[in-house]
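Q: Shown below is the structure under consideration.
Residue numbers (the numbering used here): 45 to 154.
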């Protein structure tokens, strides 16, 4: 009876990509207006009155913080994707080497 090659590495890659996409989707669930409102509340809670230079600087700092968080999230996603791709390459290479040494292995039959 012929067996299909293991699909476990593919499942791992799919799971990693799914988690990354879910994280990106959830981070975009807040509208720009809601973010602005939250930032305004944060700046006012710091004691910066609306329209003052301190308020403007605070709002810019909130935007800068959010931009940095987004960049860090994208970098984590890129690294996760790269790690998953490298793991898949290594698993495929190891499988080829095992099949080269012993072509009668179950995972090598097609």
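In this text, a Cβ means the ideal position worked out from N, Cα and C, and glycines have one as well. All values reported here derive from a predicted model rather than from experimental measurement.
1) Any idea what DSSP makes of residue 55, helix, strand or coil?
2) Name the two residues that bound the continuous alpha helix (DSSP H) containing residue 111.
3) Could you check the C-alpha separation between residue 93 and residue 111 for me, to the nearest Å?
4) Would you identify the three-state DSSP class for residue 83, choosing helix, strand or coil?
5) Put residue 61 into one of helix, strand or coil per three-state DSSP.
A: In terms of the structure at hand:
1) Residue 55 falls in the helix class under three-state DSSP.
2) Residues 97-145.
3) Rounded to whole angstroms, the separation of the alpha carbons of residue 111 and residue 93 is 24 Å.
4) Assigned with DSSP and collapsed to three states, residue 83 falls in helix.
5) Collapsing the DSSP output to three states places residue 61 in a helix.
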